[in-house]
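Notes follow once the structure below has been shown.
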Amino acid sequence: MDQKTDKFPQFLKMLCFVEMWERFSYYGMRALLVLFLTSHLGFTDERAFTIYSLFAATGYAIPILGGFLADKLMGFRNMVLLGGIVMIAGHACMSLVKFEPGLLYLGLSLIAIGTGMFKGNVTNLLSSCYGKDDPERSRGFTLFYVGVNIGAILASISCGYVAHLFGWHYGFGLAGIGMSIGLIFFLKFQNLLGDSGLSPYPELMNKRILGIKIFGIVLIGSFLSSSIIAKMLIHSEFFTNMLIFIGITALGIFIYIISKLSAEQRRKLVALSILVVFFLCFFALEMQLGSLVNLFTERNVINNVLGITIPASVSQAINPLSIIIFGFLFGTYMKFKQKYATSMFTLGLLTMAMCFFTLYIGCLNSNIEGKVEYLYLIIAISFMGLGELCIAPLVQEQATTLAPKNLRGVVMGIVMLSLAFSNLAGVAISKFMSVPSVNGKINYLESLEIYKEGFLKVGIFNLMLVIVFLFFFNFIHKVVTNSSCTKN
-17 MDQKTDKFPQ FLKMLCFVEM WERFSYYGMR ALLVLFLTSH LGFTDERAFT
33 IYSLFAATGY AIPILGGFLA DKLMGFRNMV LLGGIVMIAG HACMSLVKFE
83 PGLLYLGLSL IAIGTGMFKG NVTNLLSSCY GKDDPERSRG FTLFYVGVNI
133 GAILASISCG YVAHLFGWHY GFGLAGIGMS IGLIFFLKFQ NLLGDSGLSP
183 YPELMNKRIL GIKIFGIVLI GSFLSSSIIA KMLIHSEFFT NMLIFIGITA
233 LGIFIYIISK LSAEQRRKLV ALSILVVFFL CFFALEMQLG SLVNLFTERN
283 VINNVLGITI PASVSQAINP LSIIIFGFLF GTYMKFKQKY ATSMFTLGLL
333 TMAMCFFTLY IGCLNSNIEG KVEYLYLIIA ISFMGLGELC IAPLVQEQAT
383 TLAPKNLRGV VMGIVMLSLA FSNLAGVAIS KFMSVPSVNG KINYLESLEI
433 YKEGFLKVGI FNLMLVIVFL FFFNFIHKVV TNSSCTKN
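In structure tokens, the structure reads:
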């Protein structure tokens, strides 16, 4: 039987496994970064939030370049390979920061570039393996999204405990080992992809410039670019303004591209653009899991559960675990995905409000030491995981379904760029909830009040967001439900 008609084709299993290890490396580093910056390097909350957000923003801005290179030269498969190599180099640098602090910014820039080259292209690679009208396409995207969260769970627990017990550099090193496993597996089993994701210009890819093939030139360029981005991470204000300029420029180019398309294609991309705006707002808050919520857990959550001490970094596993649980529950109803897609998106926005209201209620019920019961954290992050499952797979799928075939790499890059701006927006959110320290020490009662007030404001903001989205509900619902019946 043709594997493309299977519920679990071989290419899906292979890409899930590779992406699982890429997410292992990313989430392992994400679980540790802000805690490492504040507790080991002595950075203030504001400085740590800024570095974390700019690092993540860079990782999600690069995919627009990665998508362009994939569409016009390299192909999705080569970009996945290139991204993996660069990420491994970045994790190697991070594991050595304890001995040479100057490697911090270089390591972060390499991981950001590698993530940008890898992330959007592996999703497009999965899309290219499915036929547009394949009935298992929706199921594949959601199972892909659920499957890769196994990597996030393993990373948060293993890297978190390794860093807690043996040292930060061992935690960062373990994250790099995960990416190495994924890359080796991809190289060994990429034959399962058939002809999907190959370069559209194979003859050009084999040409040499100064004795170096195109792949090598792009790889060298990536390493050289990392030193520039490392300097920009140090000068964060300039870097922030530059990212904003890039975003505005990309938006202008995207609007121009839309204006040149047919009326039906414009209608699809306008609907997708609206989804992406709310997607951006959702992830501006989801990104706080690795920064704001991480420090809240470290400072104001009782971390002893049933006699077991749970480091704040390990608590990051709650989010991907909830995604897997809800994902399998949703998997039973995947044949109704298109019919209920817009409703699920609305539910996703609403659950983020529930997440922050739960944290607010937890703060109201804290003990005299300013500590919140761990159960509130579990419930809140589970709400966040449910919302992510409702929103992210839908937007990723529609980015490949609604976009014209020759623009899918660029459109997926735009989606990833929106996540870059989610992180920039997250800087503002984090800053008004930064906790001051005195001689490097935090007053937990003071931090509790700051977090409590901030959680309430964020929850109210999310409710307003849901109301605004309802005005666009009917238009988006029509486009999404019709997209499965038409071709670009």
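For the sequence shown, the numbering used here begins at -17 and goes up steadily by one. Yeah, the Cβ is synthetic: ideal placement off N, Cα and C, and Gly gets one too.
Own chain partners of residue i with C-beta closer than 6 Å, once the 5 adjacent residues on each side are dropped
i        : result
Phe365   : Thr333, Met336 and Cys337
Gly49    : Gly102, Gly391, Val392, Met394 and Gly395
Lys80    : His151
Phe168   : Val0
Leu552   : Only positions -17 to 470 of the chain appear in this structure, which leaves residue 552 out of reach.
Phe(-10) : none
Gly65    : Gly96, Met99 and Phe100
Ala71    : Leu92
Ile240   : Arg248 and Leu251
Gly89    : Gly72, Cys75 and Met76
Coil, strand or helix - residue i by DSSP
i      : result
Ile432 : helix
Lys195 : strand
Val354 : strand
Lys189 : coil
Ile424 : coil
Asn347 : coil
His217 : coil
Ile239 : helix
Val79  : coil
Ile360 : helix
Val417 : coil
Asn286 : strand
Thr472 : Examination of residue 472 is not possible in this model, given that the chain is present from -17 through 470 alone.
Beta-carbon gap between residue i and residue j smaller than 8 Å
i       : j      : result
Ile343  : Tyr358 : yes
Asn131  : Ile363 : no
Phe(-7) : Leu215 : no
Ser208  : Ser91  : yes
Met326  : Ser181 : no
Ser140  : Leu156 : yes
Leu14   : Ser295 : yes
Ile93   : Ala266 : no
Thr32   : Ile211 : no
Gln298  : Thr105 : no
Ala402  : Ala43  : yes
Lys413  : Glu28  : yes
Val448  : Val258 : no
Ile46   : Leu399 : yes
Met415  : Ile432 : yes
Leu341  : Phe264 : no
Phe197  : Met187 : yes
Thr324  : Ser109 : no
Tyr127  : Arg119 : no
Leu165  : Ile67  : yes
Gly158  : Met2   : no
Assumed close pair residue i, residue j - CB separation to whole angstroms, cut-off 8 Å
i      : j      : result
Met69  : Phe100 : 7 Å
His146 : Pro293 : 4 Å
Leu254 : Gln380 : 6 Å
Arg5   : Gly96  : Actually they do not touch by this definition, with Cβ atoms about 13 Å apart.
Ser7   : Gly122 : With 8 Å as the limit, Ser7 and Gly122 do not qualify as a contact, their Cβ atoms being about 23 Å apart.
Gly352 : Leu430 : 4 Å
Leu19  : Glu280 : About 12 Å; that fails the 8 Å criterion.
Pro375 : Thr124 : 5 Å
Gly10  : Gly153 : 7 Å
Ile135 : Phe454 : The pair is not a contact, with the Cβ atoms about 34 Å apart (cut-off 8 Å).
Asn285 : Thr291 : 6 Å
Own chain, CB closer than 8 Å to residue i, minus 5 neighbours either side, in chain order
i      : result
Ile194 : Ile202
Leu107 : Leu(-3), Phe58, Arg59, Val62, Leu175, Ser178 and Gly179
Phe451 : Phe260, Phe327, Thr328 and Leu331
Ile199 : Ile191
Leu271 : Gln298, Asn301, Ile363 and Met366
Asn347 : Val354, Glu355 and Tyr358
Ile361 : Thr340
Sequence-distant residues of the same chain with beta carbon closer than 7 Å to residue i, five excluded per side
i      : result
Val275 : none
> Any contact of the region 449 to 466 with the region 234 to 253, i.e. 3+ C-beta pairs under 8 Å?
Replying inline: yes
> Is the region 73 to 81 close to the region 435 to 445, with three or more CB pairs under 8 Å?
Replying inline: Judged by Cβ distances under 8 Å, the region 73 to 81 makes no contact with the region 435 to 445, as fewer than three pairs qualify.
>> If contact is defined by three or more beta carbon pairs under 8 Å, each pair taking one atom from either stretch, is the region 405 to 417 in contact with the region 322 to 330?
In response: Contact between the region 322 to 330 and the region 405 to 417 is not established, with fewer than three Cβ pairs separated by less than 8 Å.
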